[in-house]
Each structure stands twice: as structure tokens, then as C-alpha cells.
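Quick note on our numbering: the first sequence kicks off at 32 and runs consecutively.
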Amino acid sequence: MPELPEVETVRAGLELLLAGARVRHARALRKDLRTAIPDLAGLAGVGITAVRRRAKYLLLDTTGPSILNHLGMTGKWREGAEVRAHDHVELHLLDGRRIVFNDARRFGLFELCRADGGHDALDGLGPEPLGDAFDGRVLRAAARRHRRSALKAMIMDQRVVVGVGNIYASEACFRAGIRPGLAAGRVGGARLDRLVTEIRGVLAEAIAKGGSTIGDYRQVNGLSGLFQNQFSVYGREGEACRACGSRIRQSVIGGRSSFWCPRCQR
DNA sequence: CCTAAGTCCTGAGTGC
DNA sequence: TGCACTCAGGACTTAG
């Protein structure tokens with residue numbers, strides 16, 4: 032899926048489309064996402080007040096229930112009257128526009144929040160990586176608990192820190208100079224501090240570039256992201272490291288394809 | 001046949 | 001032994 036930078040880019044685009052708009056009615060064209068889409072009749076007539084992000088989830092606040100949405104691997108939002116394959120939810124606005132959530136692989140989520148604004152899916156999530164609550168102490172504590180698991184798997188654990196997925200985990204480990212497969216418990220505190228800095232840095236840079244387009248991710252306005260052109264290691268197996276010239280290596284760590292430089296990362 | 005941006009569940013293993 | 005947790009692997013799904 033879209034990781035934090037892609038979700039944040041979609042959030043900004045959706046906010047432009049939806050903030051201040053009023054829903055005439057909302058309808059599910061097919062309900063079979065990761066969980067069944069609930070009855071959306073309660074969205075008729077609501078105003079959309081804000082579009083927020085928590086972790087990789089989007090939250091559409093309304094004058095009625097908030098909408099909780101996850102893009103899964105292939106979830107997309109767009110504006111347009113044309114019905115396409117894998118359109119799941121359409122929001123018909125009072126001004127006549129049709130805003131659609133489409134998800135080919137159906138790993139996404141589209142639900143309504145409780146009356147108190149919460150949702151079970153948001154429970155137990157770790158701190159936002161770009162917020163003050165994420166610091167070296169967070170990773171040091173996590174590394175003690177997850178001491179035998181691979182460092183890369185640890186930073187992708189959404190209970191440890193949110194928003195880091197398979198692409199940015201490899202990129203952050205490269206920037207920090209740490210091998211992604213190293214057992215977390217064997218990485219010293221100073222190196223974990225450095226990893227915090229690099230996670231924040233790579234995510235912030237990627238947001239500034241509109242995210243990374245691999246396959247079918249698009250911004251709400253249909254444009255591709257640009258950060259894929261700046262990858263140091265992801266998807267570059269066999270190519271030369273831009274820092275030292277060594278061949279980038281690939282292996283499966285925690286079930287996910289992972290990339291690193293054998294010389295720059297120890 | 002292979003691979004893919006995510007998450008959830010299972011069952012085996014670990015440690016108090 | 002019991003319990004709570006960690007950790008690896010597979011499942012879900014469609015497209016290229």
C-alpha cells in the first residue's frame with residue numbers, strides 16, 4: 032500500500048475535494064473489502080468538516096459519523112462520474128460531484144467510527160513518526176521487547192511506530208547504515224537514535240515529493256508521486272549503490288522483500 | 001509461473 | 001505448569 036507519505040498526500044488531496052462539501056447521499060457499489068462496508072444511509076445530508084490521517088488510516092470527519100478508510104495496497108480516491116471496475120463507495124455531493132473510493136485488491140477498509148469518534152482499528156497504534164512522541168526511547172524499548180526479530184520488521188510493526196511500510200523501512204535502514212536483517216536487540220542505542228532521525232527524514236522528504244508511485248498509486252488529482260526516483264535501495268537489486276558502488280542486495284526479511292547495501296550497512 | 005505499497009490470524013517458541 | 005508475549009509464515013485479492 033501506500034505508506035505514510037502516500038496516505039498523507041491522498042489526505043491533502045481529499046481535503047481539497049471534500050472539506051466544506053455536503054453529501055447528498057453515499058452508496059456502496061460492492062461491500063466486500065477487508066471487512067464488509069456498513070450501511071451508509073447515515074451519511075445522507077452530512078457536511079464534511081475535515082480530512083485527517085492517523086497512521087495509514089484516513090479519517091473523514093462529518094457533522095454525522097466519521098468515516099474510517101484504509102487504502103490497503105491498491106485503494107484510490109478520485110473525482111468523476113464514470114463508473115470503473117472495483118469502484119466500492121461513491122459519495123454524491125450536493126454540488127453534483129461524485130467522489131469515489133476504488134480498490135482492486137480489496138485489502139482496504141471503509142467503515143464508520145463510533146459515536147465517540149473512535150474505532151477499534153485505531154487502538155494500540157504506536158506514535159506518529161513525525162510527532163514529538165517518537166524518539167530514541169521508543170525504539171530502545173521496542174528493541175528490548177522484539178530483540179530477536181529483524182530490525183526492519185520491528186520498525187514496520189504499527190504498534191511500535193506507525194506509517195513505516197516496506198519501501199521506507201528499507202530506505203531508512205540504508206540511511207541509518209544498519210542492515211535490515213540484524214536482530215533488533217543487537218543494535219545499540221546510539222544507532223537506534225540515528226534510525227529515528229532517518230525515519231523522520233525519509234518520510235518528510237517523500238511527503239514533499241507527493242509520495243512514491245510503484246504500480247498504481249496515484250495522488251487524488253491523478254498525478255504520480257516523485258519519490259520513487261530517489262530510492263537508494265528499494266527495487267535496486269544488483270544496481271550500484273549511489274554511495275559506494277557496491278551491488279545492492281535483496282532478500283526476504285519477515286516475509287517481505289528487502290534491499291540493502293552490503294558495504295554501507297553493517 | 002512470479003511479484004506487489006498491508007494487515008490479520010495461527011501456531012510454535014520463549015521467558016518469567 | 002501456566003500464562004502472556006514474541007516471531008515466522010501464510011492467507012486474503014487482482015493485475016501485470
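Virtual Cβ for every residue (Gly too), placed ideally from N, Cα, C.
message = Is it the case that the segment 188-202 contacts the segment 83-103, given that we only count it when at least three CB pairs across the two stretches are under 8 Å?
response = yes
message = I need the DSSP call for R58, collapsed to helix, strand or coil.
response = Residue numbering aside, residue 58 sits at position 27 when the first sequence is read from its first letter. Residue state, collapsed to three classes: strand.
ask   = Where do the N-terminal and C-terminal ends of the alpha helix (DSSP H) with A184 fall, by residue?
value = Taking the first sequence and counting its residues from 1, the one referred to as residue 184 is at position 153. That run of the alpha helix (DSSP H) goes L182 to I186.
request  = Sort I238, A237, A239 and G256 by Cα distance to G246 and report the nearest one.
outcome  = By 1-based counting over the first sequence, the position of residue 246 is 215. Considering only I238, A237, A239 and G256, the residue with the shortest C-alpha distance to G246 is G256.
task = From the DSSP output, in three-state form, read off N252 for me.
result = Sequence index remark: in the first sequence, residue 252 carries index 221 (1-based). The answer is coil: DSSP assigns N252 none of H, G, I, E or B.
task = Could you check what DSSP says for A215 in three-state terms: helix, strand or coil?
result = Here residue 215 corresponds to residue number 184 of the first sequence, with the count starting at 1. Helix, per DSSP.
ask   = By Cβ distance, which residues of its chain are closer than 7 Å to H150, with the 5 residues on each side in sequence left out?
value = Residue numbering aside, residue 150 sits at position 119 when the first sequence is read from its first letter. Here the set comprises L99, E142 and C144.
inquiry  = Rounded to whole angstroms, what is the Cα-Cα separation between V227 and S201?
reply    = Within the first sequence, residue 227 is the residue found at index 196, counting from 1. Within the first sequence, residue 201 is the residue found at index 170, counting from 1. Each residue's alpha carbon lies about 13 Å from the other.
message = Which complete alpha helix (DSSP H) runs does the segment 136-192 hold, if anything under 4 residues is left out?
response = For the segment 136-192, whole alpha helix (DSSP H) runs of length 4 or above, ordered along the chain, are 167-176 and 182-186.
Extent of the continuous beta strand (DSSP E) run through N100 = To locate residue 100, count along the first sequence from 1; it is residue 69. Start and end: I98 to H101.
request  = Tell me, please, whether the segment 158-171 touches the segment 214-229 by the rule of three or more beta-carbon pairs shorter than 8 Å.
outcome  = yes
query = What residue does the beta strand (DSSP E) around G106 start on, and which one ends it?
reply = Position 75 of the first sequence, counted from the first residue, corresponds to residue 106. First-last of the beta strand (DSSP E) with G106: G106 to E110.
Neighbourhood of P69 by C-beta, 7 Å cutoff - its chain only, sequence neighbours within 5 removed = Here residue 69 is taken as the residue at index 38 of the first sequence, counted from 1. Closer than 7 Å at the Cβ level, and outside the excluded window around P69, lie E142 and L143.
query = Rounded to a whole number of angstroms, what is the C-alpha to C-alpha distance between F72 and G95?
reply = By one-based count along the first sequence, residue 72 stands at place 41. By one-based count along the first sequence, residue 95 stands at place 64. Sequence check: residue 72 is Ala here, not Phe. Distance between the alpha carbons of A72 and G95: 11 Å.
inquiry  = Using the three-state DSSP reduction, which class does L301 fall into: helix, strand or coil?
reply    = Residue coverage of the chain in this structure runs from 32 to 297, which leaves residue 301 outside it and unanswerable.
task = Could you check what DSSP says for Y199 in three-state terms: helix, strand or coil?
result = As a working note, residue 199 is residue 168 in the first sequence. Here DSSP, grouped into helix, strand and coil, assigns Y199 to helix.
request  = Go ahead and pull the three-state DSSP assignment for D224.
outcome  = To locate residue 224, count along the first sequence from 1; it is residue 193. The answer is helix: DSSP assigns D224 an H, G or I state.
task = For the beta strand (DSSP E) holding R287, just list the boundary residues, first then last.
result = Numbered from its first residue, the first sequence carries residue 287 at position 256. That run of the beta strand (DSSP E) goes R287 to W291.
task = Grab me the residues of L234's own chain with a C-beta within less than 7 Å of its C-beta, minus the 5 sequence neighbours each way, in chain order.
result = For this step, residue 234 is matched to residue 203 along the first sequence. Same-chain partners within the cutoff: L35, P36, P160, L161, G194 and Y199.
ask   = Opposite G78 in the DSSP bridges: which residues?
value = As a working mapping, residue 78 is identified with position 47 in the first sequence. Its beta-bridge partners are R53.
task = Count the other CB atoms, across all protein chains shown, that sit within 10 Å of the CB of T66; report buried if there are 16 or more and exposed otherwise.
result = Start at 1 with the first residue of the first sequence, and residue 66 comes out as number 35. Classification of T66: exposed, given that the 10 Å Cβ count is below 16.
query = What is the rounded straight-line gap between the Cα of K62 and the Cα of R280?
reply = Working through the first sequence from its first residue, we reach residue 62 at position 31. Working through the first sequence from its first residue, we reach residue 280 at position 249. So the alpha carbons of these two residues sit roughly 41 Å apart.
task = Mind the definition here: the segment 102-113 touches the segment 74-85 only if three or more C-beta pairs lie below 8 Å; say whether that holds.
result = no
R42 versus L153: straight-line alpha-carbon distance, rounded = Walking along the first sequence from the start, residue 42 turns up at place 11. Walking along the first sequence from the start, residue 153 turns up at place 122. For R42 and L153, the distance between alpha carbons rounds to 17 Å.
query = With C-beta atoms as the reference, is C295 less than 8 Å away from G208?
reply = The residue you call residue 295 lines up with position 264 of the first sequence. The residue you call residue 208 lines up with position 177 of the first sequence. Taking 8 Å as the Cβ cut-off, C295 and G208 qualify as a contacting pair.
key: Sequence-distant residues of its chain with Cβ nearer than 8 Å to S277 (five each side left out)   = Here the question's residue 277 lines up with position 246 in the first sequence. Once the five neighbours on either side are set aside, the close Cβ partners of S277 are A271, C292, P293, R294 and C295.
Between the CA atoms of A172 and R137 - distance to the nearest angstrom = Your numbering for residue 137 matches position 106 in the first sequence. Your numbering for residue 172 matches position 141 in the first sequence. In a straight line, the C-alpha of R137 is about 35 Å away from that of A172.
ask   = Which whole-angstrom value is the C-beta distance of I130 and L122, which I expect to be below 8 Å?
value = The sequence position of residue 130 within the first sequence is 99, counting from 1. The sequence position of residue 122 within the first sequence is 91, counting from 1. Indeed, because the Cβ distance is near 4 Å, the residues count as touching under 8 Å.
inquiry  = My assumption, with CB atoms under 8 Å, is that I284 sits in contact with G212. Please give the rounded CB distance.
reply    = Within the first sequence, the letter at position 253 stands for residue 284. Within the first sequence, the letter at position 181 stands for residue 212. Right, the Cβ-Cβ distance comes to about 5 Å (below 8 Å), so this counts as a contact.
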